[in-house]
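Protein sequences, first through last, are from chains A and B. Just so we're aligned, residue 1 is where the first sequence starts under our numbering, counting upward by one. Just so we're aligned, residue 476 is where the second sequence starts under our numbering, counting upward by one. Every residue gets a Cβ at the ideal spot worked out from N, C-alpha and C, and that includes glycine. Shown next, in structure tokens, is the structure this report addresses.
2 protein chains.
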Amino acid sequence: MSRHHEGITGRGRARTAASDEDVLARLREIVGAENVLVDEDKVEPYAADAVKEKFPPEAVLLPRTTAEVASILKLANERRFPVTARGGGVGYTGGAVPVEGGVVIGTDRMNRIREINADDLYVVTEPGVTTYALQQAVEAEGVFYPPDPASYKTSFIGGNIAENAGGIRSAKYGVTKHYVIGLEVVTPTGEVIRTGGLTSKNVVGFDLTGLICGSEGMLGIITEATLRLLPLPETTRTVRATFKTMAEACACVPRFNRARVTPVAIEVLDRNAIAAVETEFAFGFGADAGALLLVSVDGHASEVERDALICERVVRDGGGFDVMRSETREEEERLWDVRRAISPALKKFGTMKFNEDVVVPRSRVPELVARIEEIGKLHDTFVVNFGHAGDGNIHVNFMCDRDDPEAMRRARAAVRDTFAFSVELGGTISGEHGIGYVKAPYLDMALGAATIDAMKSIKRALDPNGILNPGKMFL
Amino acid sequence: MSRHHEGITGRGRARTAASDEDVLARLREIVGAENVLVDEDKVEPYAADAVKEKFPPEAVLLPRTTAEVASILKLANERRFPVTARGGGVGYTGGAVPVEGGVVIGTDRMNRIREINADDLYVVTEPGVTTYALQQAVEAEGVFYPPDPASYKTSFIGGNIAENAGGIRSAKYGVTKHYVIGLEVVTPTGEVIRTGGLTSKNVVGFDLTGLICGSEGMLGIITEATLRLLPLPETTRTVRATFKTMAEACACVPRFNRARVTPVAIEVLDRNAIAAVETEFAFGFGADAGALLLVSVDGHASEVERDALICERVVRDGGGFDVMRSETREEEERLWDVRRAISPALKKFGTMKFNEDVVVPRSRVPELVARIEEIGKLHDTFVVNFGHAGDGNIHVNFMCDRDDPEAMRRARAAVRDTFAFSVELGGTISGEHGIGYVKAPYLDMALGAATIDAMKSIKRALDPNGILNPGKMFL
Numbered sequence: 001m002s003r004h005h006e007g008i009t010g011r012g013r014a015r016t017a018a019s020d021e022d023v024l025a026r027l028r029e030i031v032g033a034e035n036v037l038v039d040e041d042k043v044e045p046y047a048a049d050a051v052k053e054k055f056p057p058e059a060v061l062l063p064r065t066t067a068e069v070a071s072i073l074k075l076a077n078e079r080r081f082p083v084t085a086r087g088g089g090v091g092y093t094g095g096a097v098p099v100e101g102g103v104v105i106g107t108d109r110m111n112r113i114r115e116i117n118a119d120d121l122y123v124v125t126e127p128g129v130t131t132y133a134l135q136q137a138v139e140a141e142g143v144f145y146p147p148d149p150a151s152y153k154t155s156f157i158g159g160n161i162a163e164n165a166g167g168i169r170s171a172k173y174g175v176t177k178h179y180v181i182g183l184e185v186v187t188p189t190g191e192v193i194r195t196g197g198l199t200s201k202n203v204v205g206f207d208l209t210g211l212i213c214g215s216e217g218m219l220g221i222i223t224e225a226t227l228r229l230l231p232l233p234e235t236t237r238t239v240r241a242t243f244k245t246m247a248e249a250c251a252c253v254p255r256f257n258r259a260r261v262t263p264v265a266i267e268v269l270d271r272n273a274i275a276a277v278e279t280e281f282a283f284g285f286g287a288d289a290g291a292l293l294l295v296s297v298d299g300h301a302s303e304v305e306r307d308a309l310i311c312e313r314v315v316r317d318g319g320g321f322d323v324m325r326s327e328t329r330e331e332e333e334r335l336w337d338v339r340r341a342i343s344p345a346l347k348k349f350g351t352m353k354f355n356e357d358v359v360v361p362r363s364r365v366p367e368l369v370a371r372i373e374e375i376g377k378l379h380d381t382f383v384v385n386f387g388h389a390g391d392g393n394i395h396v397n398f399m400c401d402r403d404d405p406e407a408m409r410r411a412r413a414a415v416r417d418t419f420a421f422s423v424e425l426g427g428t429i430s431g432e433h434g435i436g437y438v439k440a441p442y443l444d445m446a447l448g449a450a451t452i453d454a455m456k457s458i459k460r461a462l463d464p465n466g467i468l469n470p471g472k473m474f475l
Numbered sequence: 476m477s478r479h480h481e482g483i484t485g486r487g488r489a490r491t492a493a494s495d496e497d498v499l500a501r502l503r504e505i506v507g508a509e510n511v512l513v514d515e516d517k518v519e520p521y522a523a524d525a526v527k528e529k530f531p532p533e534a535v536l537l538p539r540t541t542a543e544v545a546s547i548l549k550l551a552n553e554r555r556f557p558v559t560a561r562g563g564g565v566g567y568t569g570g571a572v573p574v575e576g577g578v579v580i581g582t583d584r585m586n587r588i589r590e591i592n593a594d595d596l597y598v599v600t601e602p603g604v605t606t607y608a609l610q611q612a613v614e615a616e617g618v619f620y621p622p623d624p625a626s627y628k629t630s631f632i633g634g635n636i637a638e639n640a641g642g643i644r645s646a647k648y649g650v651t652k653h654y655v656i657g658l659e660v661v662t663p664t665g666e667v668i669r670t671g672g673l674t675s676k677n678v679v680g681f682d683l684t685g686l687i688c689g690s691e692g693m694l695g696i697i698t699e700a701t702l703r704l705l706p707l708p709e710t711t712r713t714v715r716a717t718f719k720t721m722a723e724a725c726a727c728v729p730r731f732n733r734a735r736v737t738p739v740a741i742e743v744l745d746r747n748a749i750a751a752v753e754t755e756f757a758f759g760f761g762a763d764a765g766a767l768l769l770v771s772v773d774g775h776a777s778e779v780e781r782d783a784l785i786c787e788r789v790v791r792d793g794g795g796f797d798v799m800r801s802e803t804r805e806e807e808e809r810l811w812d813v814r815r816a817i818s819p820a821l822k823k824f825g826t827m828k829f830n831e832d833v834v835v836p837r838s839r840v841p842e843l844v845a846r847i848e849e850i851g852k853l854h855d856t857f858v859v860n861f862g863h864a865g866d867g868n869i870h871v872n873f874m875c876d877r878d879d880p881e882a883m884r885r886a887r888a889a890v891r892d893t894f895a896f897s898v899e900l901g902g903t904i905s906g907e908h909g910i911g912y913v914k915a916p917y918l919d920m921a922l923g924a925a926t927i928d929a930m931k932s933i934k935r936a937l938d939p940n941g942i943l944n945p946g947k948m949f950l
């Protein structure tokens, strides 16, 4: 099997029982011939995720119903071929990629929202709906689904649940698992189970809903989800400020809370991120901008106004300069442009971006970023840090050239050092991207052997034949 | 084994290898002789929970450290005797009760709060701290732990996690599992594992933290917990109103949200609950009071004032009368007195209270309560309904005399009918009490066979010898 971080990127098409003609014939019976893709050019879009390493599946199946998914799993257990579920395919750790071959189940056609209940504050949806479409649909009914991973316009809600996606609003609203109250799941052996239900409170049996969230498609395939909703906040405001140092910027974070404000988002950019967007897009930041903070508040119009003023005062008192506070939606969008500009601005620093998402207790972010700068120098790799200061989840981007094996090796060494230091600070190696195959070599840096053994024993109990998403999480 | 709902209440002391002298000698070595209780009068306080059925343990162990707990579990696996963990022992489904004998591990001495970090918004605590003590300790630092089960003054935080406790504030703040970010757990086989960590965002491996929450002491013993905190709200206000009907009262619930208010608590009392407290304590409710709503809001002083006014308008527009709105903390306490009066007022209706905690989508509460009234009449059993209207979690109290077997039989029939109708309405048989041995006979009314099988396979994988808390959840 290929390991991204060991330097082997992708590989040719695998060959398992999934390629046997009689198996393909039965798969065509199950989902319909037109929903079984085997041609090289047809399966190619299902071969990679945002990591961009290609592992072409032997076949892509596009079921419409839970029963079809269950039949596929039954056959896979009978004939022993790997099955990997795929949502939008925009993950950063290869969770949806069939590294050991077999079939990919694309949930593209399971894309109906079944019920939006604004009175009882839930939505029932199939897994193939994009996060954005779901948000738009519920907001039209006056209700709110808070989790918003950066890829929300293309990620599927099923993938969000499988990866327990985070996002910018998690500083106030938490992560995907805090909103999942019920699931229909096809188990690795092809049984259909229902976990949780329509209510937030539910303590009937073990919390399989909680276990499936973030299980990276290894313990079941989500075929329906019930998500808890909130009343839609009336409005939002944003304050932006630059600081001389990351320490000054991050010191503001607990001060918002002490002033009894819980910002919906607290995003930070380090000096390299600011310099990169400045070079590319000329926002007008000076050379003294060592860190940038974006703070958003939401709620009723009147309290949002007051909270924004409090945030402005906190950042000014904390050494912030070039402070801006939005008064309108348009102004707010402009303040956030700098955050959206990072990814395009990074392109010129290399064809390969090691986009890691370490997390530490938020007061340790300045130490983390300072050390990552040193790590970048040590391994001669350009690094940009930005991310969610409100919950200590920093996106560390080591940039290099994909075709330069020596630079790739140095970048990988920098990633390993960053993981080690994150754990040393009381944090861990992934806040929202998951493990997949990309971070599997580092799992034991974050978890003890007994903890990993407990996880493996659960995997074996539910998937005795190792059918679902093999080659992930555990080496 | 005794089954509460089958009419056998409690039983004599069991006899397993835990009573062997050499085992007791080794247990004394592990925790110290003074922390091994075997005398009948000493173990008696550890024999029952709020269900009040006695299952005396063969020995009670009071360890101080994680290592001691692990050693007990290793010995239990070697010699095959049951181990049941116990917190405050105030559960309603027998989760902490050793129905198959063996030892009880009391976490009474594991009662230190290890770290309160107000900047990074977490607390690290041992399991034997009461919920109330934890809340007081963190509030002294300006931070807030929202979950507040009714028994919070005596329940232990370890038990809250094991049962995924709910409470009054869950309408706004969710339940215990939404606050647990890290655990140290001794597995059923005596391994020490750490799950999660100090950060809210953490997607490294399967979410064992989520699985252990609500696992009722069957998958591990919690020896340390890290809980997420929030900034402490500045103040609270309460609005109380009576209504002619339950339907009118409950119709207000979504209207609060539509008015962009998320009350911290929305509690409801049915006509029988009002009549009971009126008879006993003379609050001054008239015969036309068919339902009572208590609505609390929290936050900044200014928004609390506004939100309370909005709630007052909603209940008035919705047919509420005798509307009262607190202006001070003292007034608020007086408004809540009626809720606290229910339990004492019920005492005269019978020595046995079947306190069930069904949950339905909140718009279905009026249907549920109407049907429960009919069920009570059908089975000639007095019933009182009250509870958490904000999340559809209703406490159904069928009252009868513990010494009247016929009345007990009728009450049990009423409970079963109530469970069936709750499931029919899209709800389930427990919102916050769990299953334990009390609701085990009804588990298959709420969950399908494949779902139960998945749960059992996880139990077997982690506890191959069936050591931890046997006789619970599954029949």
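Taking residue i as the reference, give the member of the options with the closest Cα.
| i | options | result |
| --- | --- | --- |
| A/V97 | A/V277, A/R271, A/A14 and A/P361 | A/A14 |
| B/Y607 | B/G577, B/G576, B/G642 and B/I580 | B/G642 |
| B/N944 | B/I910, B/M920, B/A929 and B/D928 | B/I910 |
| B/R891 | B/G851, B/A500 and B/G564 | B/G851 |
| B/F631 | B/D524, B/V574 and B/P557 | B/D524 |
| B/A726 | B/L768, B/E691 and B/G761 | B/L768 |
Look up residue i in the DSSP assignment and give the residues it is bridged to.
| i | result |
| --- | --- |
| B/S771 | B/T713 and B/A740 |
| A/L61 | A/V36 and A/I105 |
| B/H870 | B/D832 and B/F861 |
| A/L230 | A/F144 |
| B/V599 | B/E590 and B/T701 |
| A/I483 | The structure shown does not extend to residue 483 of chain A, since chain A spans only 1 to 475, so no value can be given for it. |
| A/D270 | A/A291 |
| B/L937 | BP columns for B/L937 are empty, so no partner. |
| A/T84 | A/V104 |
| A/F321 | A/T242 |
| A/L309 | BP columns for A/L309 are empty, so no partner. |
Using a threshold of 8 Å, state whether the C-beta atoms of residue i and residue j are closer than that.
| i | j | result |
| --- | --- | --- |
| A/P233 | A/E280 | no |
| B/V436 | B/I817 | Nothing can be reported for residue 436 of chain B: it is not among the residues displayed for chain B, which extend from 476 to 950. |
| B/V599 | B/L609 | no |
| B/Y912 | B/G569 | yes |
| A/G87 | A/G158 | yes |
| A/M399 | A/K353 | yes |
| B/P836 | B/G793 | no |
| A/V358 | A/T262 | no |
| A/G182 | A/G205 | no |
| A/L61 | A/I113 | no |
| B/A925 | A/V138 | no |
| A/I222 | A/I161 | yes |
| B/E742 | B/A864 | yes |
| B/V858 | B/N872 | yes |
| B/N552 | B/I942 | yes |
| A/L75 | A/V143 | no |
| B/L683 | A/A454 | yes |
Which runs of the alpha helix (DSSP H) at least 4 residues long sit entirely within the stretch 609-681 of chain B? Give them in chain order.
632-638 and 645-648
With a floor of 4 residues, list each alpha helix (DSSP H) that falls wholly inside the stretch 865-923 of chain B, ordered by position along the chain.
880-899 and 918-921
Taking three-plus beta-carbon pairs below 8 Å as touching, is the stretch 439-459 of chain A in contact with the stretch 500-519 of chain B?
no
In chain order, which continuous runs of the alpha helix (DSSP H) of length 4 or greater are located wholly inside the stretch 325-352 of chain A?
329-340 and 342-346
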